[in-house]
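Residue numbers (the numbering used here): 6 to 277.
Set out below in structure tokens:
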């Protein structure tokens with residue numbers, strides 16, 4: 006029994022390699038989260054760090070916690086943050102001017118205090134053997150995790166939930182913008198378009214009716230003049246618009262008349 010206990014509490018070579026390799030990547034991802042200038046890159050680094058933490062949970066037998074880490078935090082929360090950052094378009098050119106005096110010094114003091122607590126906790130931790138891992142998972146990983154959350158750590162769990170709700174409400178309050186002026190109605194928008202002299206009805210279709218119907222020929226207005234609004238500006242810039250002015254129509258009519266005269270002479274010659 007003593008040999009089995011020693012084997013269970015010992016760290017194998019594979020576990021040591023896994024820890025040092027993935028731990029190094031996790032630390033680099035955490036540093037990239039706070040050091041990179043672009044918010045999208047920071048979010049991606051944090052997502053990679055969360056995935057490595059999930060691998061650590063799975064390696065230690067906390068299967069439920071590892072799956073939740075991937076599905077909830079990495080797959081849902083972090084991807085939501087990433088999509089919001091991409092849609093909003095946060096860049097490094099945004100203003101970094103402080104809106105609350107002294108918040109940088111306060112953040113630095115909080116970070117220093119957290120670092121001291123973390124170092125003290127690691128220094129007092131016992132790394133020689135595992136404490137209660139088999140006992141905690143004896144009835145199942147989900148049951149053991151639920152028992153710890155709702156008994157021993159119930160107050161910490163409730164305080165964390167209240168903190169997350171407060172952060173969500175604060176984010177909504179900070180991003181909400183009051184409308185400074187009344188929204189214009191449909192009638193007011195239509196009147197503004199009329200006063201501005203814009204094109205109110207739909208644009209006329211391209212092509213000259215009863216003679217041509219093509220996108221490279223401008224349509225004719227009721228007075229017979231061509232409408233410049235009926236052709237694509239790209240075709241106009243390329244010089245690919247065919248002329249349908251009065252002179253061009255006259256030349257086309259003369260050509261049709263000559264063709265008709267030639268056809269009539271050909272029919273007369275055929276009769277002779």
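All C-beta atoms in this analysis are idealised placements derived from N, C-alpha and C, irrespective of residue type, glycine included.
query: Inter-residue Cα distance where the pair is residue 186 and residue 153; result: 53 Å
query: Span separating the alpha-carbon of residue 171 from that of residue 178; result: 10 Å
query: Terminal residues of the alpha helix (DSSP H) in which residue 109 lies; result: 108 to 129
query: Residue interval of the alpha helix (DSSP H) (run including residue 4); result: Because the chain in this structure spans residues 6 to 277, residue 4 falls outside the shown range and cannot be described.
query: Three-state secondary structure assigned by DSSP to residue 58; result: helix
query: Residue 33 in three-state terms, based on DSSP; result: helix
query: As assigned by DSSP and simplified to three states, the class of residue 269; result: helix
query: Straight-line gap, residue 108 to residue 116 (C-alpha atoms, nearest Å); result: 12 Å
query: Inter-residue CB distance, residue 27 and residue 38 (contact presumed, cutoff 8 Å); result: Not a contact, Cβ separation roughly 16 Å.
query: Those residues which DSSP pairs with residue 238 across a bridge; result: Looking at the DSSP assignment, residue 238 forms no beta bridge with any residue, so it has no partner.
query: Host alpha helix (DSSP H) of residue 195 (start-end); result: 191 to 200
query: Cβ pair residue 235, residue 224 closer than 9 Å; result: yes
query: Straight-line Cα distance separating residue 240 from residue 1; result: For residue 1 there is no data in the structure shown, the boundaries of the chain being 6 and 277.
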